[in-house]
Structure formats: C-alpha cells, structure tokens
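Chains as they are written, first to last, in this note's numbering: chain A, -13 to 657; chain B, 84 to 265. The beta carbon of each residue, even a glycine, is placed where N, CA and C say it ideally should be. Predicted, not measured: the structure shown is a model, and the values here were computed from it.
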C-alpha cells in the first residue's frame, strides 16, 4: 500500500477564501493510502516546503500530492522539494485548486466539493506513479548551419568562436546572401559589403568552420545531439583544390551574356562564373544550363562544342566530368538560416499568386524591384553605382517608389507586413537624392512603420532633409506613355487623385520564404506556416527554437526580418547551441513512451502516427538469428511524450510515462 | 473512497430541477489546460461542474477514457486541445479530431445524446473561450438531464453493491476496482 501525503495550500487567501481548505485536507486524508494530510498558508514558501520534506521523512511517505496552484506554476518547485527529501521527484503530483477552482467559483460549498474531487483524482493517480530518472543522451558537439547569408554567417562564427565545430552549407557558389547585394544599409548608410565581406573571409579562414558552398542538405536522420546529415555537393565542374581564383576562365568563356543572378538580371555574367568579385570562396562554377559544352553534350553531340575555359586554365582545374557527390556529417544541433526571396510579380508568378499585373513589372523595363535598385545604387553594381534606368541608360529625373506591393494585402498578395520595405524605401530616396541632384522622389505608402532604433529619425530625415515626397495612398495603374511611365495613384490625405510622369518606378515587393523551404522543413520535421516561414517553438519565450528539439531558426526564414534582427536571432541560436553543447550528455524529462516487446503485436500503427519518427521497427531473432517477429521500438531521444501512440495502439502496449493508462483510469475512477 | 470524499455536487433524479450535472474534461497540457489557467488568473467565473483531467496532448486521449468517464457516472464529457496547426506535438490534435469524429457518431448511434460530448479547441490565450465552453457544455448537459442509460443497461448484469455508485441519491460512489488496486 502506498503511503501518500496530501498538502493543501491556502495560497494566502487566494484558495482559502472560496475553498474550505481544512475540509479538503480532512476529506483527502480519509482516502485509502493517504497517511498524512495537512494544510498550510503558503506551501511554496520555504517553511511550506520544509513541511513537505519533514513529512516525507517522518511519515515515510512514498507519494506526495500538493493541492495548490497550477502545475505550470510550481510543479518543478514541489518535485524539487520531494527530491530534496529523498523521494523520486516523479512521485509528486499537483492538484490545481486555484486557477481551476477557487479563482473561478464563488459558491464555497461547490468550490470545496470540486477541490476535493480534483485532489482525489491526483491521489488516485499518484498511487500508480513510478519513480523515473532523467534520460541521458550523448551529444555530438558540432553544429550544422544551413544558409550562408548574414544570419548563417553570424551563427556559424558565434558557435565556432565559442569553441565548437560548425559545418556551414550554402546552396549558391558563394556565401553572403542577400546582404552582399545591398548597396548601403539603413539607418546608418554603412556600405553593406564593407561590413559583410570581412565576416565572410572570417568564416572562410576560421579553423573550426567547415564551409561547404554549392551544396544542399539531402537528408537528415536522428535527433537532438545526434543528427546524421547527408549533404549533396553539387558538381562545380572546377576542382577547388587546384583553382587559384585567377579569373582567366571567365574571360575566356564564349558565353558572356547570361543575366547575372547577383545583379538581379541587370548585369551579365559568363557561363563559368563567380557570382561577384568578393565571393567566398573565390572559386568559379560552371552553370551547366548555359555552358555550350554541356548543352552540346545534352544534345548528344559527338564533339565538345567549346573548351575555352579549360584551355585558359593554367592549373588544369576545370573538370567537365565532375559529378554530384554525397557525404555525411554528424552534428548535435542544426540552425536553419535560409533567408528569403522577393515576391516576383512579373508575368510568371509563383503558384497560387497572380496579382499586380497593373504595375507592368516584367513588361515595362523601367519598373524594377527593390533589390534591382540596390544593384543600381551599389558601387560594385552593373552601373558602378550610378542610378540609370535599364531601358535607355538615362538618369531618371522623377522616380516613384511603391511600398507594400504584395504585403498587407489579403486579397491579392500576402496579408503580413514585410517589415523592411518602409526603411529601405526611405534609404532608396536618400541614395537617389545623393546621386541624382535635383531629382524628385515620390513614395506611395500605406503607413510608415519605422520601429527600430534610429529608424523613425531616419525616415524623417528622408522626408525633411532629403526632400522625398510621401503620398499616403495606393497606385491603381501604371503604363508607358512615350518616354515616361504614367503613375495613377491617390493621395488619401488630400483626397486628390495623383498622376505622376515618372522616369522610373521601384516596387517594394513582399518578402517571401525561399522556394523549397517546405521540402527542407519536412526533412527536419519542423513546422512552417502557410506562407512557408518556419514556425518558432513559442512566439515569445522560445523564438529561435523550433518544435523539433535541437533544430533552431535564425533570420528571414522565420518571418520578414531586417539585418539587426537576423543577427540577433543568429547569436541567440548560437548561445542556445553553446548552452546545449556545454554538457557531454543531454538530460531529458523521462516522460516519454515505452513499449513492452512482450505485448507488442508489431502492427506499427504507432510508428505511422508518430509525428517525430521516434518509433521504428525492431526485429526479434531466435538463437540462430532467424527473425521471429517484429516489434515497435521507441527512441527515447526522439520521443517528445505526446502519447498519440498509446491512444492509437490496438494492444495498448505503449505506456507514456507519467500518463499511463493505469494512472489515467485511476484518475477517472476517482471522479 | 470514503463518504467524505464524495464530491457533493447535488445529484438527483432525472427531471429534478436541482439536477447538477457532472462533467469530466480531458484537456491537453499546452493549450487548453493553460487556457483554463488563464481563465483562473483572469478570475472568469464559470460553472463548477467540470473536473479537468490533464493529459500531455489530445492525441493521448483514448476514446475509452470518454467511455470510462460515462461509465463512472459523468453526465457529460469535454475534450479540448490546441487549435488545428497549433499542436505542441505537431499533429496530435489531428489524430484526436479523427478519432472523436468517429466516437461522436458511435455514441450517437448507441443512443448517447450528442449534447453530452463537447469537442473544442481552446488555445492558451483563450481563457474566456474556455469559460464559454464550460458554461455551454454544462447547460447542454443540464438540459438533457442525468446520464442514466448506461446504468440502466447494465443494471441486471451487476450485483447491487456494484451498482451503488450510479444511484443518484448522494450515496457514496464507491470505487471498488480502484480500492482493490490501491
């Protein structure tokens, strides 16, 4: 027979005011197996906890029920107190007679009766509790960072500087991400490259960072502390060990007119290329879709059409026969930092979207998006930093910026705010003002959202000192009229329609999640919202964790983020991971499922409903090694303890520790 | 369980105006339990007829728990968890939703009034919604009266003292099975 102790808390007046705590203690004291029942004013206080510890020792209690507040409030407190008195902490339970009883009822008799009933369910349950000890899992103390933009770079550097190895995987030929494309950054107008490229070089040279570019995550197995990641190294067609980055091959290439991704199509590149001169690593790749040789080979040409790059290479670094290779890495934690893409509102739109044809993007050459303007304004861009319109290379004397194109638009676009556009449009007007003297910049906006440090001052500066004309309203239509673009909009503050003859129009289109993020999220079993942004574990209290233990998220793949936010998130993931890596073993709550192979019928229904892939098949063999039967097996490192397997199992084999069938039925029976 | 532990919800015969229904609620730890905590911290007054049994996830709720609760004399049952797509364990609430769609039909087929079974999604921020769920379910069960069908069904099969718990005259709801095990 169990020896249960019941401790009823007054919580000052909070419980005692509506619940007759003496009656509760007396009633619960009568239950079979309860050998001690008392009440006290503040059970969570030091004397209250001492009372519990003393009773455990004096009365030789082997189970404890504290009837007090919510277990979310003090379960840990009381389990610790029980442990201090030598009792296994999982033999202590809490009955919630405050939040679920005294605070929500006024009738003293009804509240007291309910408090007794709630206490009784826990007394009956606790009799079936088993002593549990924390699960210990060894940790591989290395991290994988997916994405080499500013968030991934920051996370990798912070983890590596903290003394742990990092594998940084980037899908493009160079790290740097979108930040490397920017001209200057708000609100300080720092040159983006000047603050980013040193960090890129630091990553490249760091002794604890293994940089893998032009590669993607192929598959992920395992769980926190023990992930096994397979990485696909895409064929670069250039041997990185031989290449010295001289650039001869690029000049020799026969294809020189391929639209450059880095310049957002405004500049040109060769088929063998590095995305930009400051690329890290400075090793070219051959774009096999554009290269004459590979296009010829695809058409089964007998002879290679062109080998100019190979001929130009003094180090025989070009390898046309290179194939994709795969390798695996063992890591203990993963950071997702895959960033964003801009919503392209051209003729071809992503699936499910079809808005904004009235803006003529993709048809009128002088209608560009925000990143294209960045490239025009950038000193390393296709115009060497001069603002020239793409159609005829003239300086635009009148320029119009449209904010919220695709953002905050539940009808045609995304209902969320893309967060950075108000700021970068203000920056664009300033850059324009600095570069095109006497030019006029108009901005159509819905609201100005400038909430960061120094942000509002910055937008005011754009308006008050740099003469940008802000019109509150939307644009209904734009069309080409001779040399200009007529922009029909509405100034809602004056109530007047506005028509502007613009030389160039810049659309601040919405930030969207990267294509393929859904596939990556599924490999990592993390959840994402309907826009493809990775879900954090808790929006306020666990902003950089995901719902899969050991997988973290940083930057604009979680929601639209600016650079300071992305860097802060990245450093937060690094601190979480370094915390995780500070111990050799991971300690986990033991409230996970356990499967008894003696009663398992091997139907594996549980494996199919498990959201974490924690349940696998295990073969039971006889002495000769023949498989006798298969049973389900729980990986306690992966199991999160939801109990769906137990409710699904036809033979009721899985037992979720802390919520076994015995415990739950005992509680139901007590009602 | 002794006499003193008898939850003193006034039980009475069907049709009695003083009938106070007894409801058992199976809720998940992360959304609805926390939402009920919020109702408490917000001091939202609600019917005192519902007893909560905390489980990690609605996915853990075996339909047999609901049946057991009815068998033990509950007049109504509430099952509540995280909203779809908000499950702390990714998908437990989806499994629960499918399971209870089937259970609801089965119970209706067996003659249990659908008013006795309430499913809802209550998030951790919806304390007021939890109070509405509790009050609504209590009122619906109050309207259909005590759940006596199961007891009537097994009346012949059980010895008289086993049947005692069902008697709604304030008799002790003896838990023979539990006591033996304990």
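- Scanning A:465, A:478 and A:450 for the CA closest to the CA of residue 459 of chain A turns up A:478.
- Between residue 244 of chain A and residue 295 of chain A, the beta carbon gap of about 14 Å keeps them out of contact (Cβ cut-off 8 Å).
- Burial state of residue 523 of chain A is buried, judged by a 10 Å Cβ sphere holding 16 or more other Cβ atoms.
- In this structure, DSSP gives residue 138 of chain B an extended state, which the three-state scheme calls strand.
- Using a CB distance below 7 Å, no part of the stretch 491 to 504 of chain A faces chain B.
- Under DSSP, the beta-bridge partners assigned to residue 154 of chain A are A:131 and A:197.
- In the three-state reduction of the DSSP assignment, residue 58 of chain A falls in the helix class, which pools H, G and I.
- When the five nearest sequence neighbours on each side are left out, the beta carbons in the same chain lying within less than 6 Å of the beta carbon of residue 448 of chain A are those of 412, 415, 416 and 454, in order along the chain.
- The residue from A:160, A:18, A:388 and A:93 with its alpha-carbon nearest to that of residue 183 of chain A is A:160.
- By the criterion of a C-beta distance shorter than 6 Å, residue 407 of chain A is surrounded in its chain by 389 and 494, once the five residues flanking it on both sides are discounted.
- A straight line joining the alpha-carbon of residue 221 of chain A with that of residue 308 of chain A spans about 6 Å.
- Leaving aside the five residues that flank residue -4 of chain A on each side, the residues in its chain whose CB is nearer than 6 Å to its CB run, in chain order, 2, 7 and 27.
- Here residue 111 of chain B is buried, its C-beta having at least 16 other C-beta atoms within 10 Å.
- Taken in chain order, the complete beta strand (DSSP E) segments of 3 residues or longer contained in the stretch 170 to 248 of chain A are 195 to 198, 201 to 209 and 212 to 219.
- Annotated as proximal: residue 42 of chain A and residue 71 of chain A, with beta-carbon spacing under 7 Å.
- For residue 497 of chain A, the enclosing beta strand (DSSP E) covers residues 497 to 499.
- Listed by position along chain B, the residues whose Cβ is nearer than 7 Å to that of residue 627 of chain A are 139.
- Contact check for residue 200 of chain A and residue 112 of chain A: beta-carbon distance about 58 Å, past the 8 Å limit, so the pair fails to qualify.
- Note on the stretch 512 to 578 of chain A: whole alpha helix (DSSP H) runs with a minimum of 4 residues are 549 to 566, in chain order.
- Of the residues assessed, residue 315 of chain A falls on the buried side of the cut-off, its CB having 16 or more other CB atoms within 10 angstroms.
- The alpha-carbon of residue 172 of chain A is positioned some 28 Å away from that of residue 503 of chain A.
- Taking a cut-off of 8 Å for Cβ pairs, the stretch 432 to 439 of chain A and the stretch 384 to 404 of chain A touch, as three or more such pairs fall below it.
- Runs of alpha helix (DSSP H) with 4 or more residues, each lying fully within the stretch -11 to 26 of chain A, are found at 7 to 15, listed in chain order.
- CA-to-CA, the gap between residue 250 of chain A and residue 559 of chain A works out to about 31 Å.
- Close partners of residue 58 of chain A in chain B (Cβ separation under 9 Å): 112, 116, 117 and 120.
- Residue state for residue 126 of chain B is assigned as coil, using DSSP reduced to three classes.
- Using a CB distance below 7 Å, no part of the stretch 212 to 226 of chain B faces chain A.
- Contact annotation, residue 592 of chain A with residue 628 of chain A: C-beta distance approximately 11 Å; criterion of less than 8 Å not satisfied.
- Per DSSP, the beta bridge partners of residue 467 of chain A are A:470.
- Secondary structure of residue 218 of chain B (DSSP, three-state): helix.
- Residue-level contact check: residue 175 of chain B touches chain A, since one or more beta carbons of chain A fall below 7 Å from its beta carbon.
- Between residue 546 of chain A and residue 519 of chain A, the alpha-carbon positions lie close to 9 Å from each other.
- Contact check between the stretch 557 to 574 of chain A and the stretch 633 to 650 of chain A: fewer than three CB pairs, one atom from each, fall below 8 Å, which does not count as touching.
- Around the C-beta of residue 237 of chain A, fewer than 16 other C-beta atoms lie within 10 Å, and the residue is accordingly described as exposed.
- Contacts with chain A (Cβ-Cβ distance below 8 Å) from the stretch 199 to 213 of chain B involve no residue at all.
- Within 9 Å of the CB of residue 172 of chain B, the CB atoms of chain A belong to 533, 597, 598, 626, 627, 628, 629 and 630, in sequence order along the chain.
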